[in-house]
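Scroll down for the structure; my scribbles are underneath it.
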Amino acid sequence: MNIIRDVIKPIGKGLKITMRHFLEPKDTVSYPEQRKEQFARTRWRHVLLRYEDGLERCIGCSLCAGACPVRCIYVEAAENTDEERYSPGERYAKRYEINLLRCIYCGYCQDACPTGAIVLREDYELADYTRESFIATKEMLLEPLPVRDEVAEAVK
Amino acid sequence: MDKRVQEIVLRDSSTPAIPNLEMGGNVLLTRLDEIVNWARRNSIFPLTFGLACCAIEMMSSAASRFDLARFGMEVFRASPRQADLMIVAGRVSKKMAPVLRQIYDQMPAPKWVVSMGACASCGGIFNNYAIVQGVDQIVPVDVYVPGCPPSPDALIYALIKLQQKIRTQRLGMLLELKPRTDTPAIGGAETKTISTPNSSLPSVRAHET
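Residue numbers (the working numbering), protein chains in the order written: chain G, 2 to 157; chain Y, 181 to 389.
As C-alpha cells, this is what we get:
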C-alpha cells in the first residue's frame, strides 16, 4: 500500500472540498431574525379588503364558501340600510368566519370573489396552542380602516 | 393546583424565563425550573414521524436553508425512546392511529406533540371515513400548525412557540403539564378525556403518562 497515494492524497482531496464549502457564502436564512423573501403570489392568511372610503368589499354572496374545497368558510349575510351601511351593495357579511386550521390555502375563494374582497397574503406565522384560536372572525380578517391623513388634506 | 394552571401565561422571548407567579407554593424548585427548561427547550430531539407531503417540508426545515440545528433540533430520531417531540406531519389514517398512539406512549416522559398541517390538525381536505379528523383525538397536541403544507418557516415558528411553552412549564407540577381550556381538573385525575370540537367521532379516553 502506497501511503501517499492511497491515504494522504485522498484525505487532502476531501478536505479541499470541505474547505471550499466552508468558505462559500452560507445558504441559511436565520429565520426569526431574517425573513426569506416571499414569492409574489404567496398564499397565506386571508384578509378582507375595504374600498378607499372604508366600506367593506364583501357583499356576503357566499361564493367563496361555495368554492372552498374543504368548506372552511362560513358566511351569514344581512341587508344594508341607509342608517347602518357596511358595503356599497344591498347586502353585507354579518358574520364571516374561516377555520384557518382546516383551510388549505388554495386561493379558490380569492378566485371566486366577485368584488375582490378576500385575498390571501403573506402572513404565515399562524401556529397556535388551541384549536379554538384558529377560528378567524370577520373582525380579525378585515383590513383596518384607512387612516385619514389630515396634514396631506390640509396641504391640498 | 387549578389556579396555578390558569395563571400560566405564554409570553414571548423578550420576557424573563420564569414569570413572577407569586411562587405558587413552589419555593425549592423555582430556579431549578429555569435551568431544566433551558436544557429541555434547547435540545428537543424530534421523532421522525412523516406520514405524507408535510414530511417533505419537515425534512427541508432540517436542511441547510432553514436549519433546525440552530434550535438544537436537528437530531431526528428513528426510535421513540430517544425522542422528545413528535411532529405528526401528514394525514393520520384510522389504521395508523393505534400505531401513532403506541409510539407516543413509548416516548419518555417530558414529551411534546406538534400537529403539522391541516390534515394532522383537523383532517384538512380529507373529511372522510378513512382519516382521523385531528390527531388530538389520539394524543394531546401542544402546537397546531395550519397550512397545506406549512412552509418550513411556518414550522419553525411553531417550534419556537413550543419552546416558549416549555419555558412556562414547572417541575413542581406534572411533568407533562398541558394547560387546556376544556379540562379544568388537570392535575387531579389520572385519566382525562380529550374532547375536540368539530369532530364527528366520540371523544377518546387517553391515559396520561
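Just so you know, even glycine gets a beta-carbon here, dropped at the ideal spot from N, CA and C.
Alpha carbon to alpha carbon, how far is residue i from residue j?
i, j, result
"Pro332(Y)", "Ala41(G)", "18 Å"
"Ser223(Y)", "Tyr337(Y)", "16 Å"
"Tyr52(G)", "Cys104(G)", "26 Å"
"Tyr87(G)", "Ala113(G)", "21 Å"
"Lys10(G)", "Met2(G)", "13 Å"
"Ile267(Y)", "Ala249(Y)", "16 Å"
"Ala298(Y)", "Asp124(G)", "16 Å"
"Cys110(G)", "Ala66(G)", "7 Å"
"Asn307(Y)", "Gln313(Y)", "7 Å"
"Ile5(G)", "His22(G)", "25 Å"
"Ala269(Y)", "Val120(G)", "27 Å"
"Val156(G)", "Arg149(G)", "13 Å"
"Gln343(Y)", "Glu254(Y)", "15 Å"
"Met239(Y)", "Glu214(Y)", "31 Å"
"Glu25(G)", "Ala258(Y)", "32 Å"
"Met287(Y)", "Asp7(G)", "45 Å"
"Met141(G)", "Ser301(Y)", "21 Å"
"Asn81(G)", "Met296(Y)", "41 Å"
"Lys275(Y)", "Ala310(Y)", "8 Å"
"Glu91(G)", "Asp83(G)", "10 Å"
"Ile188(Y)", "Phe135(G)", "Below a pLDDT of 50, predicted positions are generally treated as unreliable, and Ile188(Y), at 43, falls in that range; the measurement from the model is reported next regardless. Spanning the two alpha carbons is a distance of roughly 20 Å."
"His387(Y)", "Asp247(Y)", "The predicted position of His387(Y) is uncertain, since its pLDDT is 43 and thus under 50; a value taken from the coordinates is nonetheless stated next. Whole-angstrom Cα-Cα distance: 35 Å."
"Thr348(Y)", "Glu151(G)", "46 Å"
"Asp231(Y)", "Arg281(Y)", "Looking at the sequence itself, residue 231(Y) is Leu, so the reference to Asp does not match. Distance between the alpha carbons of Leu231(Y) and Arg281(Y): 14 Å."
"Gly252(Y)", "Leu265(Y)", "12 Å"
"Arg211(Y)", "Tyr32(G)", "30 Å"
"Pro89(G)", "Leu143(G)", "16 Å"
"Lys14(G)", "Leu351(Y)", "51 Å"
Round the Cβ separation of residue i and residue j to the nearest angstrom and send it over; I've been treating them as touching at under 8 Å.
i, j, result
"Ile283(Y)", "Pro260(Y)", "5 Å"
"Val325(Y)", "Val294(Y)", "7 Å"
"Ala118(G)", "Cys69(G)", "In fact, because the Cβ distance is near 14 Å, the residues do not count as touching under 8 Å."
"Phe256(Y)", "Ala242(Y)", "6 Å"
"Cys62(G)", "Ile99(G)", "Contact doesn't hold; Cβ gap of about 16 Å is too wide."
Are the Cβ atoms of residue i and residue j separated by less than 8 Å?
i, j, result
"Ala137(G)", "Leu101(G)", "yes"
"Glu126(G)", "Ala334(Y)", "yes"
"Asn217(Y)", "Ile346(Y)", "yes"
"Asp322(Y)", "Tyr130(G)", "yes"
"Pro226(Y)", "Ala263(Y)", "yes"
"Tyr75(G)", "Arg44(G)", "no"
"Asp28(G)", "Ser244(Y)", "yes"
"Glu38(G)", "Leu49(G)", "no"
"Gly303(Y)", "Cys328(Y)", "no"
"Ile236(Y)", "Ala277(Y)", "no"
"Arg132(G)", "Asp285(Y)", "no"
"Pro115(G)", "Leu146(G)", "no"
"Tyr122(G)", "Arg36(G)", "According to the sequence displayed, residue 122(G) carries Arg and not Tyr. Against a cut-off of 8 Å, the Cβ pair of Arg36(G) and Arg122(G) comes out as no contact."
Could you please give me the residues that DSSP links to residue i through a beta bridge?
i, result
"Glu80(G)", "Arg92(G)"
"Met266(Y)", "Leu227(Y) and Val293(Y)"
"Arg51(G)", "Glu57(G)"
"Ala137(G)", "Ile99(G)"
"Arg257(Y)", "Leu227(Y)"
"Val323(Y)", "Val294(Y)"
"Ser63(G)", "Note: Ser63(G) sits in no beta bridge, so no partner."
"Leu143(G)", "Leu49(G)"
"Ile74(G)", "Ile99(G)"
"Val8(G)", "None, per the DSSP bridge assignment."
"Ile311(Y)", "Ser273(Y)"
Which of the residues in the stretch 24-35 of chain G, read from start to end, lie with their CB under 9 Å from any CB of chain Y? Correct list: Lys27, Asp28, Thr29, Val30, Ser31, Tyr32 and Pro33.
Going along the chain, which residues of the stretch 290-302 of chain Y sit with their C-beta nearer than 7 Å to a C-beta in chain G? The residues in question are Ala298, Ser301 and Cys302.
Going along the chain, which residues of the stretch 234-267 of chain Y sit with their C-beta nearer than 7 Å to a C-beta in chain G? Result list: Ser244, Arg245, Phe246, Asp247 and Arg250.
If contact means a Cβ-Cβ distance below 9 Å, which residues of the stretch 331-352 of chain Y contact chain G? For the stretch 331-352 of chain Y, residues whose beta-carbon sits nearer than 9 Å to a beta-carbon of chain G comprise Ser331, Pro332, Asp333, Ala334, Leu335, Ile336, Tyr337, Ala338, Leu339, Ile340, Lys341, Leu342 and Lys345.
Under 9 Å (Cβ pairs) to chain Y, residues found in the stretch 110-133 of chain G: Of all residues in the stretch 110-133 of chain G, Tyr125, Glu126, Leu127, Ala128, Asp129, Tyr130, Thr131, Arg132 and Glu133 have a Cβ within less than 9 Å of some Cβ in chain Y.
When Cβ atoms are compared, which residues of the stretch 43-70 of chain G fall closer than 7 Å to chain Y? Of all residues in the stretch 43-70 of chain G, Pro70 have a Cβ within less than 7 Å of some Cβ in chain Y.
Of the residues that make up the stretch 311-326 of chain Y, which ones have a beta carbon closer than 9 Å to any beta carbon in chain G? Within the stretch 311-326 of chain Y, the residues whose Cβ lies closer than 9 Å to some Cβ of chain G are Gly314, Asp316, Val321, Asp322, Val323, Tyr324, Val325 and Pro326, listed in chain order.
Scan the stretch 138-155 of chain G for residues whose Cβ lies nearer than 9 Å to a Cβ of chain Y and list them as they occur along the chain. Here the close residues number zero.
Taking Cβ-Cβ distances below 7 Å as the criterion, which residues of the stretch 93-112 of chain G are in contact with chain Y? Taking 7 Å as the Cβ-Cβ cut-off against chain Y, the residues of the stretch 93-112 of chain G that qualify are Leu101, Leu102, Arg103, Cys104, Ile105 and Tyr106.
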